[in-house]
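K.L.:
One structure, as structure tokens, below. Some questions next.
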Amino acid sequence: MNIKKQDKKYIANTYRRFDLDLVKGKKELLYSSDGKEYIDMGSGIAVNSFGVNDEKWKQAVTTQLNLLQHTSNLYYTYPQVNLAKLLCKKSGMKKVFFANSGAEANECAIKAARKYSFDKYNKDRHTIVTLKNSFHGRTITTLSATGQDIFHKDFGPFTEGFVYVKADNIEEMEKQITSHKVCAIMLELIQGEGGIIPLDMDFVLKTEKLCKENDVLLIIDEIQTGIGRTGAFYSYMRYGINPDIVTSAKGLGGGLPIGCALFNDKTQNVLDYGSHGSTFGGNPVCCAGAFNIVSRINNKLLNDIIEKEKVIREMLDGAKGVESVDGMGLMLAVKTTKNAKEIVAKCMANGVLYLTAKDKIRMLPPLDINKKIMEKAIRILKEACEQ
Ligand SMILES: Cc1ncc(COP(=O)(O)O)c(C=O)c1O
45 MNIKKQDKKY IANTYRRFDL DLVKGKKELL YSSDGKEYID MGSGIAVNSF GVNDEKWKQA
105 VTTQLNLLQH TSNLYYTYPQ VNLAKLLCKK SGMKKVFFAN SGAEANECAI KAARKYSFDK
165 YNKDRHTIVT LKNSFHGRTI TTLSATGQDI FHKDFGPFTE GFVYVKADNI EEMEKQITSH
225 KVCAIMLELI QGEGGIIPLD MDFVLKTEKL CKENDVLLII DEIQTGIGRT GAFYSYMRYG
285 INPDIVTSAK GLGGGLPIGC ALFNDKTQNV LDYGSHGSTF GGNPVCCAGA FNIVSRINNK
345 LLNDIIEKEK VIREMLDGAK GVESVDGMGL MLAVKTTKNA KEIVAKCMAN GVLYLTAKDK
405 IRMLPPLDIN KKIMEKAIRI LKEACEQ
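In my numbering, each residue's number is its place in the sequence shown (first place is 1) plus 44.
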């Protein structure tokens, strides 16, 4: 039985997979079982920050694996506290809660926001405003937070208390924030699954101001945008804002499952004994790998990311069939005159793996992708758009 048949027989049918198996890789190159080489422009959807089989990350992970793979959160572990300290130093936040995924990081943020308001005000001030076209995860509550109707069928009833505002519409946002029922606003600064759409700077700054004036918490979902992806450690730094809670996952672990919620001065002590927990959250092996990743997000790497964005934009600017290039840093998407899925298929046939986001071709390559290899991948995309 080949892998396609076994997959169909034994695995729940939730993924529409490409006709490709992957067995190994090195940095930005991946290999299928028939030995064909592919340039990886997706990094496992913004997860493999330094590509596949990265020596330094592997060393950090295996060193910890040889010491202690897991213990419960009833005991102290060094990788967890070391990572928390480093994340606070890099972000300016004050405390961290560790989870296993992006959705769980957002669940934690939502719980903390509701508790902040519950402790200080009363139970009726629990509404969370998110944006239309947002994506915050696939648990029932994070689906509620996700402002896309397509996710709101088949699985109800959903968690109550979410309202959706149109991105960049400050009047609508003001109306909600000042309604006295809202405890938090949750935003992706670049809508990822929604099509790589950066929010307008003025809208973000005004939303932050309204939040501060009304004691409404500002939660920034950095699950796809974080850990250097946009050319800053977190994308909120490019907008110059100070969130109350930040959620992070994906690229944080560099390929192992880890997520976290970061809290500022105001929110750092909201969660108290017994109010939240996770068996695997802060697993020592995941934390050791994440420490290695986070410690390597330095100014040189961030500047290189911005330089690579410029190269990509220059190569695609005015190209036949290309309508726009959206996004920031190495989180970019190309809108073409053709069908995005067909372009991705053509690129795959020519040895490059791209993703889609809505009707665009999305790229999230390893943060340190080799420039020549990246240029080759963009040339192949350009040719596919021209045809
Ligand atoms: C912005 C954002 N939030 C949350 C999630 C959910 O993360 P996970 O799949 O790790 O639960 C994603 C995943 O794509 C995401 O892009």
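By construction, the Cβ of each residue, glycine as well, lies at the ideal position given by its N, Cα and C atoms.
1) Using beta-carbon positions only, say whether Ala-332 and Ala-157 come within less than 8 Å of one another.
2) Would you mind stating whether Lys-138 and Asp-309 have Cβ atoms separated by less than 8 Å?
3) Provide the residue span of the alpha helix (DSSP H) that contains Ala-334, from first to last.
4) Just list the residues that DSSP pairs Ala-228 with in beta bridges.
5) Can you pull every residue whose C-beta falls closer than 7 Å to some heavy atom of ligand 1, listed in chain order?
6) Would Pro-328 pass as a contact of Gln-113 if the rule is Cβ separation under 8 Å?
7) By how many angstroms is the C-alpha of Gly-303 removed from the C-alpha of Ala-428?
8) Would a C-beta distance cut-off of 8 Å place Arg-182 and Ala-153 closer than the cut-off?
9) Here's the rule: buried if 16 or more other CB atoms are within 10 angstroms of the residue's CB, otherwise exposed. What is His-196?
10) Take every Cβ of the stretch 169-186, pair it with every Cβ of the stretch 216-230, and state whether three or more of those distances are shorter than 8 Å.
11) Is Arg-282 closer than 8 Å to Gly-272 when the C-beta atoms are compared?
12) Return helix, strand or coil for Lys-210, following the three-state DSSP convention.
13) Compute the Euclidean distance between the alpha carbons of Cys-227 and Asp-259, then round it to the nearest angstrom.
14) In the DSSP output, what is Leu-74 paired with across the bridge?
15) I'd like to check one pair, Asp-212 with Leu-243: are the Cβ atoms closer than 8 Å?
16) Can you list, in chain order, the residues of its chain with a C-beta nearer than 7 Å to that of Thr-135? Leave out the 5 residues immediately preceding and following it.
17) Per DSSP, which residues does Cys-304 bridge with? Please list them.
18) Cβ atoms of Leu-233 and Val-209: under 8 Å apart, would you say?
19) If you count every other CB in all the chains shown that lies within 10 Å of the CB of Asp-316, and 16 or more means buried, which is it?
20) So, does the stretch 186-193 touch the stretch 157-168, judging by three or more C-beta pairs under 8 Å?
21) Expressed to the nearest angstrom, what Euclidean distance is found between the alpha-carbon atoms of Tyr-82 and Gly-239?
22) Measure the C-alpha to C-alpha separation of Lys-256 and Asp-403 and round it to an integer number of angstroms.
P.N.:
This is what the structure gives:
1) Cβ distance not < 8 Å, so Ala-332 and Ala-157 don't count as in contact.
2) A contact, by the Cβ cut-off of 8 Å.
3) Unbroken alpha helix (DSSP H) run through Ala-334: 328-339.
4) DSSP lists Ile-172 and Leu-261 as the bridge partner or partners of Ala-228.
5) In chain order, the qualifying residues are Ile-89, Ser-145, Gly-146, Ala-147, Glu-148, Asn-150, Phe-179, His-180, Gly-181, Arg-182, Thr-186, Glu-232, Gly-236, Glu-237, Asp-265, Ile-267, Gln-268, Ala-293, Lys-294 and Gly-303.
6) A distance below 8 Å separates the beta carbons of Pro-328 and Gln-113.
7) So the two alpha carbons sit approximately 36 Å from each other.
8) In terms of Cβ geometry, Arg-182 and Ala-153 do not form a close pair [threshold 8 Å].
9) By the 10 Å Cβ count, His-196 comes out exposed.
10) They touch, by the three-pair rule.
11) Not a contact, by the Cβ cut-off of 8 Å.
12) If DSSP states are grouped into helix, strand and coil, Lys-210 belongs with coil.
13) Roughly 8 Å between the two C-alpha positions.
14) Partner(s): Gly-69 and Tyr-82.
15) Pairing Leu-243 with Asp-212 gives a Cβ-Cβ distance under 8 Å.
16) The question names Thr, but residue 135 in the sequence shown is Ser. Exclusion of the five residues before and after Ser-135 leaves Phe-277, Tyr-278, Val-290 and Leu-306 as the residues of its chain whose Cβ lies within less than 7 Å of its Cβ.
17) Residue pairing by DSSP places Cys-304 opposite Phe-142 and Ser-292 in a beta bridge.
18) For Val-209 and Leu-233, no; Cβs fall outside 8 Å.
19) So Asp-316 counts as exposed.
20) Taking a cut-off of 8 Å for Cβ pairs, the stretch 186-193 and the stretch 157-168 do not touch, as fewer than three such pairs fall below it.
21) If you take the alpha carbons of Tyr-82 and Gly-239, they lie about 24 Å apart.
22) Looking at the two C-alpha atoms, the distance is approximately 36 Å.
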